[in-house]
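Chains as they are written, first to last, in our numbering: chain A, 2 to 162; chain B, 2 to 162. We put the CB at the ideal spot given by N, CA and C, even for glycine.
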DNA sequence: CCTATTTATATTTCTAGCCATATTATGGCT
DNA sequence: AGCCATAATATGGCTAGAAATATAAATAGG
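Listed below in structure tokens is the structure:
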């Protein structure tokens with residue numbers, strides 16, 4: 002019995018699997034709240050950034066959300082087609098693409114304001130426990146992001162030699 | 002200042018976003034450990050189940066991992082093509098498809114055993130903090146899964162009327 | 001028995017996410 | 001000006017994930 006429950010490969014003993022499952026389930030909960038606005042969850046995250054400040058570059062969005070360019074380019078194009086954002090080259094540096102909300106995109110902020118409340122009702126974790134959870138996951142994200150950045154750097158300098 | 006930091010739409014104040022980011026980053030960390038085995042992260046999760054017990058049905062895998070059939074069917078077909086698993090109809094109930102590891106898939110367990118250690122080194126959370134994190138995310142998963150099941154049931158009974 | 005319902009899986013059509021590679025732009029150097 | 005290293009974004013090819021719908025097998029009611 003101790004044998005089974007100490008098995009590091011046992012699904013119940015993993016940390017990463019619950020994170021993975023929670024993320025999938027959360028996106029399923031967000032969907033019915035976001036589709037009336039015409040947004041997916043990742044698109045909603047982009048709007049959260051743009052509601053804080055705009056314009057931002059594709060690269061800035063990527064480092065905020067920890068997403069790759071190959072993910073963002075098509076996602077932002079869909080958002081442009083949907084009329085949520087504009088994409089325009091920075092005249093001062095034409096390598097950069099500036100992303101800004103359209104008036105319609107900006108206007109959605111009002112409707113988005115009620116989403117956190119609706120979710121809080123569903124999640125039904127004690128506020129204190131939510132805080133604890135948030136803090137440890139935020140810490141984990143920092144550790145992971147640093148670790149991945151370190152590995153990327155190691156790889157890049159190896160590629161130069 | 003208090004205005005800004007109380008904004009529920011601020012990225013820094015969200016619980017779901019760090020979970021989302023952590024999950025993406027974790028999959029990036031897993032990738033270099035799993036590609037030598039020929040597995041993706043979700044495929045690895047399937048193997049974790051099969052290493053505990055086999056055969057299992059597609060539906061059982063789905064409820065363990067909280068994944069949809071539309072996700073699992075192609076995933077399992079890729080795993081079959083890759084020689085990791087077999088898919089066969091249950092002779093007693095031909096609606097069901099039984100999934101079992103091939104000898105090759107079974108053999109990978111040995112190599113997989115070192116993966117949790119390598120990851121623990123990368124994550125570098127204190128063991129106690131890891132435990133706290135795991136417990137709160139597991140709790141969250143239960144709450145979310147129950148909530149979604151409740152909503153699905155409500156929708157299905159509405160469809161009947 | 002036979003039809004109606006339920007159950008299990010598959011299919012279709014989207015959107016996302018990653019890696020590796022390519023394209024274009026900038027800046028510094030000579 | 002011309003060249004080289006670097007930087008920012010785009011592309012292609014793959015795997016995943018979800019909702020809605022379809023197919024086929026099993027079961028229940030009459």
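Within the region 47-132 of chain B, the complete beta strand (DSSP E) segments at least 3 residues long are 86-91, 94-102, listed from N- to C-terminus. When only Cα atoms are considered, residue 22(B) and residue 151(A) end up about 17 Å apart. In this chain, the alpha helix (DSSP H) harbouring residue 34(B) covers 17-35. Chain-ordered listing is empty here: chain B has no CB closer than 8 Å to the CB of residue 85(A), the nearest sitting near 15 Å. Taking the Cα positions, residue 66(B) is about 25 Å away from residue 92(B).
Put simply, the region 27-34 of chain A does not touch the region 138-154 of chain A. Fewer than three CB pairs are less than 8 Å apart. In this structure, residue 73(B) and residue 59(B) form a Cβ contact; the two beta carbons are roughly 6 Å apart against a cut-off of 8 Å. Separation of residue 47(A) and residue 62(A) (C-alpha to C-alpha, rounded to the nearest whole angstrom) is 7 Å. Residue 20(B) sits away from residue 16(A), with the two beta carbons spaced by 8 Å or more.
Within the same chain, and ignoring the five residues on either side of residue 37(B) in sequence, no residue has its Cβ closer than 7 Å to its Cβ. A Cβ-Cβ distance of about 23 Å is found for the pair residue 141(B) and residue 68(A), leaving them out of contact under the 8 Å criterion. When Cβ pairs closer than 8 Å are counted between the two stretches, the region 97-113 of chain A is seen not to touch the region 111-130 of chain B, the count staying below three. Under a 10 Å Cβ-count criterion, residue 70(B) is classified as exposed, with fewer than 16 other Cβ atoms of the shown protein chains found around its own Cβ.
Judged by their CB atoms, residue 77(B) and residue 43(B) are not nearer to each other than the 8 Å cut-off. Identification of chain B residues near residue 53(A) by a Cβ-Cβ cut-off of 9 Å yields 5, 8, 10, 11, 12, ordered along the chain. Contact between residue 124(A) and residue 102(A) does not hold, since the beta-carbon distance rounds to 27 Å and is not under 8 Å.
Residue-level contact by beta carbon holds for residue 149(B) and chain A, with a gap shorter than 8 Å. Cβ-Cβ separation between residue 90(A) and residue 97(A): approximately 7 Å, consistent with a contact (criterion under 8 Å).
Close to residue 104(A), with beta-carbon spacing below 9 Å, lies no residue of chain B; the smallest spacing is near 18 Å. In the three-state reduction of the DSSP assignment, residue 10(A) falls in the coil class. A Cβ of chain A is located within less than 8 Å of the beta carbon of residue 123(B).
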